[in-house]
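Peer 1:
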Amino acid sequence: MTDKTHSERITFHDAIETMEVDFSSMTFADAVQVNAIYDEVDRQLAATGKRWFFLVLYTDCEIAPEAWDRFAERGKSTNINHGRGSVRVDAKAQTREAIRQSAGRESFRSNIYDTRDQALLALGELRKRQRDLANGADEVFLRVENVSLRFGGVKAITEISFEIKRGEISAIIGPNGAGKSSMLNVINGVYHPQEGTITFLGNVRQQMRPYEAAKQGIARTFQNIALFKGMSVLDNIMTGRNLKMKANMLQQAFWFGPAQREELEHRAKVEEIIDFLEIQHIRKTPVGRLPYGLQKRVDLARALAMEPELLLLDEPMAGMNVEEKQDMCRFILDVNDQFGTTVLLIEHDMGVVMDLSNFVVVLDYGKKIAEGTPDEVRADPNVISAYLGASH
Ligand SMILES: Nc1ncnc2c1ncn2[C@@H]1O[C@H](COP(=O)(O)OP(=O)(O)OP(=O)(O)O)[C@@H](O)[C@H]1O
Ligand SMILES: [Mg+2]
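Heads up, the final residue of the sequence shown is numbered 439 in my numbering, and it's a clean run with no missing numbers.
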């Protein structure tokens, strides 16, 4: 350990509402050493009487396996009691992995960056988003009102209404055939309801074509992956940029002037997403050759390439093993956190829904039978009986 005192490692940057903690070159061999610095951190934070963003430096910081549980536990409690969000800088591979794992377990965001500058940039985004959220508190982000959808005699959806708030992760749950996928298809314009309206970002509409929904910022992944199996991961993700491409076909064909610049910008954005979802190693691989879990991740990447305001995910974790599910959970949380994307997902695994979502809508036989926080719906007698009565 270097000879900096604990209190010298803590700096408050008032202008950016951030407390910086410098763990650089520290070694945490056991729980006692972890407690020592966290006691000081908590003491100083409590004295301010405010909540702060955290910028944490990990350059050459060693955390022994024996100390990890305490480290994660103290970090979590500091976050809960005093935090508004964290960014981390320059963790070693091992520390990075440990942070990710405990983040996955606790459903919080890992947010690790290579340099302090990158972390500060991300912190700026985080602060801006929280400000926007506070300002736009009464704007309608997505409102579904009295929507009914029939296929001939089949009532897929009957008089459903609910509202989704910007910045949240919401879930639609319900037994097979409840109308969940149909609901997403109505929101992104694939199905046209016979009754009811959808309000998205202030625009009210009854019907909308899928490309119009996409233009307004609604992206979607499908229950059955809809990727080009013979094309590489990179090219599949590029298809998500199509709507954003402005240069005309002739320019693109000759790849000059604006088209060339544009193409490079799109590539850069796509590379950012590839890094973010940790799929660098498969960027050239044809999608059809990938295991299922990775294909789902590429599908998410393609949707993210649209830079959506609202991301609709139809059973993003279906068919995955436990580890793949945990990865996907973490990516969804990170997307929501880092890009500020509002997420509406369908998921059968109740554990996952409870961990991820702020708000849950429950459908059964095309009707809404409950809505609320995960705890509220879990305790709802209608929901319990729908699930007990269901075939799975
Ligand atoms: N294109 C369609 N044509 C006819 N009927 C349809 C169509 N799409 C959905 N349905 C019917 O609407 C009802 C709701 O289906 P939907 O796929 O929305 O359910 P779900 O909740 O997504 O089910 P699952 O959990 O099995 O994916 C079902 O009875 C289904 O057969
Ligand atoms: Mg479905």
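Here a beta-carbon is modelled for each residue, glycine too, at the ideal position from N, C-alpha and C. Bear in mind the structure is a predicted one, so any value in this text is a computation, not a measurement.
Tell whether a beta-carbon distance below 8 angstroms holds between valine 400 and valine 407.
Peer 2: If you number the sequence shown from 1, residue 400 lands on position 353. If you number the sequence shown from 1, residue 407 lands on position 360. Their beta carbons are under 8 angstroms apart, which means valine 400 touches valine 407 by this criterion.
Peer 1: Beta-carbon within less than 6 angstroms of histidine 439's beta-carbon, same chain only, minus the 5 sequence neighbours each way: which residues are those?
Peer 2: Residue numbering aside, residue 439 sits at position 392 when the sequence shown is read from its first letter. Confidence is the limiting factor: at histidine 439 the pLDDT is only 46, short of 50, which leaves the residue's position unreliable, though a coordinate-based value still follows. Result list for histidine 439: empty, nothing under 6 angstroms.
Peer 1: Which one of Tyr412, Pro428 and Leu403 has the shortest CA to CA distance from serine 217?
Peer 2: Working through the sequence shown from its first residue, we reach residue 217 at position 170. Residue Leu403 is the option with its Cα nearest to serine 217.
Peer 1: Enumerate, from N- to C-terminal direction, the unbroken alpha helix (DSSP H) stretches of 4 or more residues contained entirely within the segment 79-131.
Peer 2: Taking only runs of at least 4 residues, the alpha helix (DSSP H) segments lying wholly in the segment 79-131 are 112-129.
Peer 1: Under the rule that 16 or more other beta-carbon atoms within 10 Å means buried, what is proline 112, buried or exposed?
Peer 2: On the sequence shown, position 65 is the one that residue 112 refers to. Counting Cβ neighbours within 10 Å, proline 112 comes out exposed, since fewer than 16 surround it.
Peer 1: Using a Cβ-based criterion (distance less than 7 angstroms to any ligand heavy atom), does isoleucine 393 qualify as near ligand 2?
Peer 2: What you label residue 393 is simply residue 346 of the sequence shown in a count that begins at 1. Indeed, a heavy atom of ligand 2 lies less than 7 angstroms from the Cβ.
Peer 1: Answer with buried or exposed for threonine 95, where buried requires no fewer than 16 other C-beta atoms within 10 angstroms of its C-beta.
Peer 2: Numbered from its first residue, the sequence shown carries residue 95 at position 48. Threonine 95 comes out exposed.
Peer 1: Could you pull out every unbroken beta strand (DSSP E) segment of at least 3 residues lying fully inside the segment 379-403, listed in chain order?
Peer 2: Listed in chain order, the complete beta strand (DSSP E) runs (minimum 3 residues) inside the segment 379-403 are 389-393.
Peer 1: What is the DSSP secondary structure of methionine 364, reduced to helix, strand or coil?
Peer 2: On the sequence shown, residue 364 is found 317 positions in, with the first residue counted as 1. Note: methionine 364 maps to coil in three-state DSSP.
Peer 1: Is tyrosine 339 helix, strand or coil when you go by DSSP?
Peer 2: Position 292 of the sequence shown, counted from the first residue, corresponds to residue 339. Reduced to three states, the DSSP call for tyrosine 339 is helix.
Peer 1: Can we count lysine 343 as close to ligand 1, meaning its CB is less than 7 angstroms from some heavy atom?
Peer 2: As a first step, residue 343 must be located in the sequence shown, where it is residue number 296. No, the beta carbon of lysine 343 sits no closer than 7 angstroms to any heavy atom of ligand 1.
Peer 1: List the whole-angstrom C-beta distance separating leucine 359 from asparagine 235, where the pair is believed to meet the contact cut-off of C-beta under 8 angstroms.
Peer 2: Taking the first residue of the sequence shown as position 1, residue 359 is located at position 312. Taking the first residue of the sequence shown as position 1, residue 235 is located at position 188. Contact holds; Cβ gap of about 6 angstroms.
Peer 1: Taking buried to mean at least 16 other C-beta atoms within 10 Å of its own C-beta, is aspartate 361 buried or exposed?
Peer 2: Position 314 of the sequence shown, counted from the start, is the residue given in the question as residue 361. The residue in question, aspartate 361, is buried, as its Cβ has 16 or more Cβ neighbours within 10 Å.
Peer 1: Beta strand (DSSP E) containing valine 251: first to last residue?
Peer 2: Translated into the one-based positions of the sequence shown, residue 251 becomes position 204. Element bounds for valine 251: 250-252.
Peer 1: For proline 355 versus alanine 273, is the C-beta distance shorter than 8 angstroms?
Peer 2: Your numbering for residue 355 matches position 308 in the sequence shown. Your numbering for residue 273 matches position 226 in the sequence shown. No.
Peer 1: Label glutamate 312 either buried or exposed according to how many other C-beta atoms from any shown protein chain fall within 10 Å of its C-beta, with 16 as the threshold for buried.
Peer 2: On the sequence shown, residue 312 is found 265 positions in, with the first residue counted as 1. With fewer than 16 Cβ atoms within 10 Å of its Cβ, glutamate 312 is classed as exposed.
Peer 1: Quick one: Cα of alanine 294 to Cα of lysine 262, how far?
Peer 2: For the purposes of this step, residue 294 is taken as the residue at position 247 of the sequence shown. For the purposes of this step, residue 262 is taken as the residue at position 215 of the sequence shown. Note that alanine 294 scores a pLDDT of 49, beneath 50, so its modelled location is shaky; the value from the coordinates is reported in the next line. Taking the straight line from one Cα to the other gives about 16 angstroms.
Peer 1: Considering only C-alpha positions, which residue in the set Ser228, Leu248 and Arg174 is nearest to arginine 190?
Peer 2: Counting from 1 along the sequence shown, the entry for residue 190 is found at position 143. The shortest Cα separation from arginine 190 among Ser228, Leu248 and Arg174 belongs to Leu248.
Peer 1: Going straight from the alpha carbon of aspartate 164 to that of lysine 97, what length do you get?
Peer 2: Sequence index remark: in the sequence shown, residue 164 carries index 117 (1-based). Sequence index remark: in the sequence shown, residue 97 carries index 50 (1-based). Between aspartate 164 and lysine 97, the C-alpha separation is close to 25 angstroms.
Peer 1: Return the bridge partner residues of methionine 66 from the DSSP annotation.
Peer 2: Along the sequence shown, one-based indexing puts residue 66 at 19. Partner(s): Phe59 and Phe101.
Peer 1: How about asparagine 223: is its Cβ closer than 7 angstroms to a heavy atom in ligand 1?
Peer 2: What you label residue 223 is simply residue 176 of the sequence shown in a count that begins at 1. The answer is yes for asparagine 223.
Peer 1: Let's see if you can read the secondary structure: which residues bound the alpha helix (DSSP H) around leucine 173?
Peer 2: Here residue 173 is taken as the residue at index 126 of the sequence shown, counted from 1. Element bounds for leucine 173: 163-182.
Peer 1: For proline 428 and leucine 392, I'd like the C-alpha separation in whole angstroms.
Peer 2: For this step, residue 428 is matched to residue 381 along the sequence shown. For this step, residue 392 is matched to residue 345 along the sequence shown. Cα to Cα, the separation comes out at about 23 angstroms.
Peer 1: Rounded to a whole number of angstroms, what is the C-alpha to C-alpha distance between threonine 389 and glutamine 141?
Peer 2: Looking up residue 389 in the sequence shown gives position 342. Looking up residue 141 in the sequence shown gives position 94. Their Cα atoms are separated by approximately 31 angstroms.
Peer 1: Around the C-beta of serine 8, are 16 or more other C-beta atoms found within 10 angstroms, so that it is buried, or is it exposed?
Peer 2: The question about residue 8 has no answer, for the chain in this structure spans 48 to 439.
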